[in-house]
Amino acid sequence: MYGKQTARKHHFLPQFYLAGFTNLGAKDSLFWVFDQTTVNQWGANLETWHNQNNFYRVEVPDGESDDFEKALAQFETMGGPIIKNLIQNQTMPEGDDYVILINFIALLACRVPSRREVFDEAMSDAMQVWMQMIFQSPEHYESYRTKMIESGNEVDNSTIYEEMKELVNTNSQYTISFHNHIHLNNMMTSLNTIIPLLLERKWSVLLADEQTGYFI
135 MYGKQTARKH HFLPQFYLAG FTNLGAKDSL FWVFDQTTVN QWGANLETWH NQNNFYRVEV
195 PDGESDDFEK ALAQFETMGG PIIKNLIQNQ TMPEGDDYVI LINFIALLAC RVPSRREVFD
255 EAMSDAMQVW MQMIFQSPEH YESYRTKMIE SGNEVDNSTI YEEMKELVNT NSQYTISFHN
315 HIHLNNMMTS LNTIIPLLLE RKWSVLLADE QTGYFI
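In structure tokens:
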């Protein structure tokens, strides 16, 4: 049983990483947020920022699990000291530390909500077109139903073609959403693609002095 012991607030940016952008470089120091839309800025607590409830939730036979969130936390524990050494030594790490750093960078790119939004929009558009193709004519619809039945899938015989066609063509009456497992699987698949490309790149460390101004 997981129950109350299951963590609900899942961070999509590590707190130790965000702490590096504060004045004191600590998790309990103030983190300044800049809203590009309203051009407003304010101080925020790292504990309550850059997280979403159940962002990495995994469903298991006993209920829900935060094992995925815990696995990410373990990896962040490995990456944290490497990031700190990079800042102190002002040079890229080598060997296994370099591989861990590249994995950390790839993970930062793949785990943020904006990646899910891009995926959701693209897949929703594709599914909308696919459904319209199914209901473009009674013949297409019956052909699809026959294939589904032959494949061993259950088909609702109460579905009325004209009603479904109207529903599909009026997409304001419904929304298309994706299970969290799909998002997590997509994230891991993206990592397998991105990491080899990042490993082949030539990396440099650029240093900004205090006169450079704000870094965003």
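Following our numbering, the numbering of the sequence shown begins with 135 at its first residue and continues without gaps. All C-beta atoms in this analysis are idealised placements derived from N, C-alpha and C, irrespective of residue type, glycine included.
Residue environment for Gln170: exposed (fewer than 16 other C-beta atoms within 10 angstroms of its C-beta). Note: Ala178 is bridge-paired with Phe165 in the DSSP secondary-structure output. For Val233, the closest alpha carbon among the candidates Ala342, Leu340 and Leu333 is that of Leu333.
A straight-line Cα-Cα distance of about 8 Å links Glu181 and Gln149. Within the same chain, and ignoring the five residues on either side of Met265 in sequence, the residues whose Cβ sits closer than 7 Å to its Cβ are Val302. Going by DSSP, Glu273 is part of the alpha helix (DSSP H) stretching over Pro272 to Glu284. According to DSSP, residue pairing for Val192 in a beta bridge involves Ser199. Annotated as distal: Leu158 and Gly177, with beta-carbon spacing of 7 Å or more. If you keep only unbroken alpha helix (DSSP H) runs of at least 4 residues inside the region 277-345, you get 295-303 and 314-333. By the 16-neighbour rule on beta-carbons within 10 angstroms, Tyr190 is buried. Sorting His184, Ile316 and Thr156 by C-alpha distance to the C-alpha of Leu242 places His184 at the top.
Bounds of any alpha helix (DSSP H) do not take in Met226, whose DSSP letter is neither H nor E.
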